[in-house]
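According to the working numbering, the sequence shown is numbered sequentially starting from 45. Just below is one structure, and these are the notes that go with it.
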Amino acid sequence: MRDSDFTGFRGPEFERADMAGARFTAVSLDGAEFRACAFHRVVMRGVEMADVTIDGEIRNLVVNGVDVAPLVEAELDRRYPDRRMFRPTTPEGFRKAWDLDERLWEATLARARRLPPELLHESVDGEWSFIQTLRHLAFATESWVGRCILGDPSPWHPLSLPWDQMSPRPGVPHDRDARPSLEETLALRLEAMAMMRRVVDGLTHEQLDSRTEPLVGPGWPDEGETFPLRECLLVVLNEEWWHRIYAERDLAVLEERG
Numbered sequence: 045m046r047d048s049d050f051t052g053f054r055g056p057e058f059e060r061a062d063m064a065g066a067r068f069t070a071v072s073l074d075g076a077e078f079r080a081c082a083f084h085r086v087v088m089r090g091v092e093m094a095d096v097t098i099d100g101e102i103r104n105l106v107v108n109g110v111d112v113a114p115l116v117e118a119e120l121d122r123r124y125p126d127r128r129m130f131r132p133t134t135p136e137g138f139r140k141a142w143d144l145d146e147r148l149w150e151a152t153l154a155r156a157r158r159l160p161p162e163l164l165h166e167s168v169d170g171e172w173s174f175i176q177t178l179r180h181l182a183f184a185t186e187s188w189v190g191r192c193i194l195g196d197p198s199p200w201h202p203l204s205l206p207w208d209q210m211s212p213r214p215g216v217p218h219d220r221d222a223r224p225s226l227e228e229t230l231a232l233r234l235e236a237m238a239m240m241r242r243v244v245d246g247l248t249h250e251q252l253d254s255r256t257e258p259l260v261g262p263g264w265p266d267e268g269e270t271f272p273l274r275e276c277l278l279v280v281l282n283e284e285w286w287h288r289i290y291a292e293r294d295l296a297v298l299e300e301r302g
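Now the structure itself:
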């Protein structure tokens, strides 16, 4: 198709827009950027895709009749053999996964310390800075371990950072623009990691198979929700794995800048 085949709507931004059930026919999305978007039950037929990059949680993605999600997962496991350990099924497996996570982050942190401090506040391609990443991981652990598992209705530090698109919730901090030092951020981060360590060190099979108590008070996750305890711990491990991968990717760019 040529440019003359389209009506011009280039450049608008859609934020917090509900387009569920929308139908796009003969639409050019060349150069479009999607961040934190949901594509559940999307059907694409007769589309053209080239030079496309997709990062996210992918399940049941069928391309030309082939479910590619298992192929992607297998390739990721091949590239990162340690990744399998972040899907444990036993208490001992969770302890080993956390042991490994601590070691991996020690190496990533050592790499970050070699950079000028101001670079640790820099964004790469619109993503979180290194400091913001550590603040977000503290928030994830406080939410899924402190609130869900340990029952603290308000476990967050003022510097803890939710995901950007989270709707404001009473009592939940969301100061994206704060610029704490690396040492200030590490104090928060290490406190949250110690919380996870205490839980996995005492974890039993009975606890792992149990559900959390209904949540009390406003916050995240939402009041009244309950989860398999196993799921809460897996969420934290998943956050830890991926955000370290993203941090390593961005540190490589910052090293060139520095």
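Ideal Cβ positions, reconstructed from N, Cα and C, are used throughout, including at glycine. Everything numeric in this text was worked out from a predicted model, so none of it was measured.
Straight through space, the alpha carbons of residue 79 and residue 227 are spaced by roughly 30 Å. The shortest C-alpha to C-alpha distance from residue 273 to any of 91, 133, 293 is the one to 133. Unbroken alpha helix (DSSP H) stretches of 4 residues or longer found wholly inside the region 147-205: 174-185, given in chain order.
Of the residues assessed, residue 190 falls on the buried side of the cut-off, its CB having 16 or more other CB atoms within 10 angstroms. Burial state of residue 270 is exposed, judged by a 10 Å Cβ sphere holding fewer than 16 other Cβ atoms. Around the CB of residue 207, fewer than 16 other CB atoms lie within 10 Å, so the residue is classed as exposed.
Annotated three-state conformation of residue 223 is coil, per DSSP. In the DSSP assignment, residue 249 falls within the unbroken alpha helix (DSSP H) covering 249-252. DSSP links residue 91 through a beta bridge to no other residue. Looking only at 287, 255, 202, the smallest Cα-Cα distance to residue 232 is reached by 202.
Under the DSSP assignment, residue 290 falls in the alpha helix (DSSP H) whose first and last residues are 273-301.
In this model, residue 186 and residue 262 are separated by some 14 Å (Cα to Cα).
Per the C-alpha coordinates, the member of 245, 102, 127, 301 positioned closest to residue 115 is 102. Looking at 178, 60, 81, 93, the one whose alpha-carbon comes closest to that of residue 72 is 93.
Nearest to residue 64 by C-alpha distance, out of 76, 81, 57, 77, is 81. Residue pairing of residue 255 in beta bridges, as defined by DSSP: 272. Relative to the Cα of residue 235, the nearest Cα in the group 127, 182, 160, 216 belongs to 182. In the displayed model, residue 116 falls within a helix according to three-state DSSP.
When DSSP reads this structure, residue 143 sits in no beta bridge, so it has no partner.
Straight across, the Cα-Cα distance linking residue 175 with residue 84 is about 31 Å. Put simply, of 220, 195, 239, 287 the residue whose alpha carbon is nearest the alpha carbon of residue 266 is 195.
Taking C-alpha positions only, residue 108 is separated from residue 154 by approximately 44 Å.
One Cα belongs to residue 204, the other to residue 254, and the distance between them is close to 28 Å. In the structure shown, residue 126 falls within a helical segment according to DSSP collapsed to helix, strand and coil.
Taking a cut-off of 8 Å on C-beta distances, the region 140-157 touches the region 112-131, as three or more cross pairs fall below it.
Burial check for residue 87: the Cβ neighbour count within 10 Å stays below 16, so the residue is exposed.
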